[in-house]
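Read the structure below first, then the notes.
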Amino acid sequence: MTSRPIDLGDFEEAPPPQKPGGLSARALAGAEAPYLKGLNPEQRAAVETTDGPLLVLAGAGTGKTRVLTTRLAHILNTGKAWPGQILCVTFTNKAAREMRERIGHLIGGVVEGMTWLGTFHAIGVKILRSHAELAGLKSGFSILDTDDQIRLLKQIIEAAGIDEKRWPARQLAGLIDNWKNRGLLPARVPAGEAHAYGNGRGAELYAEYQARLRVVNAVDFGDLLLEVLHIFQDHPDVLKEYQRRFKYMLVDEYQDTNVAQYLWLRLLAQGHKNICCVGDDDQSIYGWRGAEVDNILRFEKDFPGAKVIRLERNYRSTPQILGAASGLIAKNESRLGKTLRSERDDGDMITLRSHWDGDEEARAVGEDIEQLQRKGEKLNDMAILVRASFQMRAFEDRFITLGVPYRVVGGPRFYERQEVRDALAYLKITASPDNDLAFERIINVPKRGIGDTSVKRMHEHARKNGYSLYRAAEVVSQTDELPAKARTALRTLLESFGRWRQALQGLPHTELAEIILDESGYTTMWQNDKSPEAQGRLENLKELVRSMGEFETMEGFLEHIALVMDTESNASEDKVNIMTLHSAKGLEFGTVFLPGWEEGLFPHQRSLDENGRAGLEEERRLAYVGITRAKRRATISFAQNRRVHNLWQSSLPSRFIDELPEAHVEVAPMANSYGGYGIGSYGTSRFEERTTPFSNTYDTPGWQRAQRAYAKGEAMRSSPNIIEGQLVARETEGKNIARGARVFHQKFGYGRVSHVDGNKLTIDFDKAGEKRVLDSFVELA
DNA sequence: CTGGAGGATCTTTTT
DNA sequence: GATCCTCCAG
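Position 492 of the first sequence, counted from 1, bears residue number 492 in this note's numbering, the numbering being contiguous throughout.
Next comes the structure, spelled out in structure tokens:
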């Protein structure tokens with residue numbers, strides 16, 4: 001196999017000449033470069049230790065980004081490398097963007113030359129594009145998003161004769177993702193794991209999926225890492241060139257790297273060995289995505305001679321907040337251990353509040369926010385950080401009623417909306433017709449009478465002849481295999497695409513996009529749609545075309561959105577932020593609300609079920625991330641009842657609440673609207689005992705329950721067993737409540753079971769009518 | 001082939 | 001509660 005030579009451009013071996021009279025000269029002369037001012041000694045050491053492997057353990061709020069950007073500026077200014085010789089990887093686009101901006105502030109336009117600053121995935125694409133043929137791809141390959149991936153997998157599963165009901169495509173997607181994150185090709189998947197899907201056909205389907213991806217000349221997110229890794233492993237000449245190129249490497253959020261990323265970093269770092277990783281083991285919250293905290297824990301072993309610098313001065317939070325967070329995270333066992341010291345004045349203790357239900361929780365937060373606003377605080381400086389996105393709704397509803405402006409960060413994404421994806425499919429096919437998934441998506445949208453049977457026929461053609469669906473459509477449209485109506489429709493569509501493709505050269509791409517959406521009838525389809533959301537969809541289409549304008553070409557635009565699934569939200573308006581704990585990482589707010597600290601929700605049940613103690617520790621880190629976002633104020637709350645799906649569940653306060661050091665927490669006496677259910681009205685809940693000192697040991701009900709569950713070797717599958725504040729003895733043995741059984745429920749009284757669905761029962765209550773409840777809430781009458 | 005009705009399933013987090 | 005899917009009647 002041959003590999004295209006890497007374009008080395010200006011980046012030859014010789015070090016760049018000194019810039020005359022620039023900062024570099026001054027720095028070399030021993031004068032203080034202005035950007036070094038104001039760094040504390042540790043930060044400064046992290047900036048100036050440029051050569052050799054370096055791990056910077058940067059606790060929350062210790063100025064991590066500042067160190068990273070200053071370090072980059074320093075390397076550039078002292079003439080140690082050209083911008084194009086520095087590899088700088090981040091995890092999120094947001095981080096990459098911010099980094100670029102801040103470096104720009106420090107050193108100006110030189111940042112433009114930093115072509116290798118970006119997310120792992122963005123850099124992966126770049127490398128893969130120049131060596132596509134080594135991975136069996138053509139350079140113009142397309143990048144599938146999760147949605148496409150699932151649809152492709154569904155086809156494969158169906159073709160393999162596997163019941164998709166029993167073996168959901170999602171599950172297979174998860175497994176494949178997991179394998180890719182660990183750098184495993186189909187042949188290397190451990191036999192045991194391959195067995196986890198479709199009666200042992202997991203690896204086979206994975207192989208088939210990879211083959212299909214090659215046929216349609218596409219990759220998924222995982223491939224962007226996996227394929228690059230394998231190119232490096234199998235082609236030493238290519239690896240060598242990149243090793244030579246990257247004189248300095250910087251990695252942000254190192255604790256979030258997965259095995260594949262770690263392996264490729266390690267390969268590259270064997271060149272100049274100047275790798276600097278910045279991270280915080282206490283903020284590793286992406287284990288579910290394959291991140292290995294272990295990578296950071298064993299950095300010193302992996303990179304011999306590595307220096308480690310700890311940043312422990314926190315400039316963000318008050319001692320109270322930091323104290324609470326530190327106390328909590330200290331419960332984790334697998335960590336390197338840091339002691340954060342606050343550089344700020346003492347503030348208020350963390351407030352802890354109990355609520356009757358989620359709505360009341362939202363009401364209370366709303367009141368707090370209005371009060372703070374009256375005191376002159378900015379909404380922008382407040383955030384509500386939730387564990388799971390379904391929690392957001394209660395707050396949104398409340399804010400709408402109150403008229404409090406809010407923004408949902410990382411909510412339903414623009415590029416994932418149906419109409420946007422449809423529109424993009426049209427554009428993608430115009431740019432590259434062989435994108436089968438895109439073609440299939442819109443071949444009958446808007447409806448043109450080309451139904452499933454017709455599409456199936458084209459598929460057969462495509463598969464038999466080994467060409468794309470689009471090509472098959474061209475062939476079939478010239479035969480009489482399809483009903484006349486479908487054939488004409490198909491011909492018209494193909495002709496349109498031909499015409500649009502022609503126009504790709506001549507017309508400005510935004511104009512072309514409008515023409516495509518018009519002529520295809522797509523816009524008209526929504527104009528004729530009377531549903532309430534149609535208007536919004538049309539606006540989204542407009543917004544899509546508008547955002548295209550920021551790119552030079554259609555191709556550039558399409559490449560961008562494949563990797564950047566979010567749109568920059570304008571942070572300028574004054575709005576309360578609502579987001580998940582995950583997307584809050586790296587941000588800070590004056591006031592932070594942390595609702596929903598309940599067993600089962602936070603820590604999340606699935607995390608415990610699937611990953612046991614490691615899962616619990618990751619949840620705890622998530623809690624730590626949440627608290628440390630706050631600068632001055634943090635309020636933690638939990639509800640005693642929460643509606644999940646359509647059924648009410650009572651819940652226990654999170655075990656994390658027990659773990660907060662008593663000295664930094666104050667329990668809010670909450671006179672709530674459902675008098676009688678406030679603190680103290682229910683006997684057995686631990687929350688009431690809160691008037692006595694907190695216990696800092698693992699002996700609270702929540703913890704004990706966990707212990708019992710683990711001891712039995714069984715995950716805690718069912719929900720906590722409290723009914724209106726009363727701990728109910730749990731009958732763990734199967735209840736075996738059958739249809740027709742007469743049962744008793746604490747809240748709804750007597751009734752008869754009309755339907756059984758696993759542990760969910762539909763019961764016709766004598767007084768309360770029909771309700772759906774979990775079996776653990778009823779007893780046989 | 002289309003459209004509507006009814007049913008099942010889901011909700012952790014994301015490049 | 002919402003969305004996605006399947007099934008059935010036109």
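The C-beta atom is built at its ideal place from N, Cα and C for all residues, glycine as well. These numbers were taken from a predicted model, which means no experiment stands behind them.
Hey, quick one: how far does the alpha helix (DSSP H) through residue i stretch, first residue to last?
i      : result
LEU504 : 484 to 506
TYR206 : 202 to 215
VAL238 : 236 to 245
ASN93  : 93 to 107
HIS560 : 554 to 563
Considering only their Cβ atoms, is the gap separating residue j from residue i smaller than 8 Å?
i      : j      : result
ILE103 : THR69  : yes
VAL278 : TYR262 : no
VAL228 : ILE369 : no
ARG313 : LEU57  : no
GLY323 : ALA663 : yes
ASP348 : GLN320 : yes
LYS631 : SER317 : yes
SER654 : PHE602 : yes
PRO595 : ILE285 : no
GLY549 : THR510 : yes
ALA194 : GLY183 : no
LEU172 : ILE627 : no
SER637 : HIS235 : no
LEU541 : GLU419 : yes
GLN270 : ASP220 : no
ILE231 : HIS121 : no
GLY136 : ILE176 : no
Identify whether residue i lies in helix, strand or coil by the three-state DSSP scheme.
i      : result
ILE231 : helix
GLY290 : coil
GLY279 : strand
ILE162 : coil
LYS542 : helix
SER637 : strand
GLY734 : With a pLDDT of 39 at GLY734, under the threshold of 50, the modelled position of that residue is not reliable, and no figure is offered here.
PHE656 : helix
PRO701 : Unreliable positioning characterises PRO701 in this predicted model, as indicated by a pLDDT of 38, which lies under 50. The coordinate reading is nonetheless provided below. If DSSP states are grouped into helix, strand and coil, PRO701 belongs with the helices.
GLN270 : coil
LEU610 : The sequence as given places Glu at residue 610; Leu does not occur at that position. Residue state, collapsed to three classes: helix.
LYS631 : strand
ILE157 : helix
GLY61  : coil
SER801 : Within the shown structure, residues of the chain are numbered from 1 to 781, placing residue 801 beyond reach of any answer.
ASN782 : Lying before the first or after the last residue shown, residue 782 is absent from the chain, which here runs from 1 to 781.
ARG417 : coil
ARG44  : helix
Give me whichever residues DSSP pairs with residue i in a beta bridge.
i      : result
GLY382 : Note that residue 382 is Met in the sequence shown here, rather than Gly. Answer by DSSP bridge pairing, in chain order: THR591.
VAL475 : Partner(s): none; VAL475 has no beta bridge.
MET392 : Answer is none; MET392 lacks a bridge partner.
MET579 : LEU385
GLY118 : VAL89
LEU54  : CYS276, LYS307
Compare the Cα-Cα distances from residue i to each of the options and report the closest residue.
i      : options                        : result
PRO34  : THR453, PRO236, LEU106         : LEU106
ARG471 : ARG353, LEU490, GLU552, GLY113 : LEU490
GLY290 : LEU297, TRP179, GLY198, ASN314 : TRP179
ILE296 : GLY327, ARG313, ASP256         : ASP256
ARG97  : MET114, VAL47, ARG170, GLN85   : MET114
PRO508 : LEU144, GLU360, THR92, PHE557  : PHE557
PHE141 : GLY358, LEU153, GLY124         : GLY124
SER342 : PHE414, ALA330, ALA45, SER326  : SER326
GLY586 : GLU543, LEU340, TYR624         : TYR624
LYS331 : ARG613, GLU48, ARG643          : ARG613
ARG335 : ARG621, GLU361, PRO532         : ARG621
GLY305 : ASN217, PRO53, LYS126, LEU469  : PRO53
For the beta strand (DSSP E) holding residue i, just list the boundary residues, first then last.
i      : result
TYR406 : 406 to 408
HIS355 : 350 to 357
ARG310 : 307 to 311
LEU601 : From DSSP, LEU601 is part of no beta strand (DSSP E); its letter is neither H nor E.
MET249 : 248 to 251
GLU666 : 665 to 667
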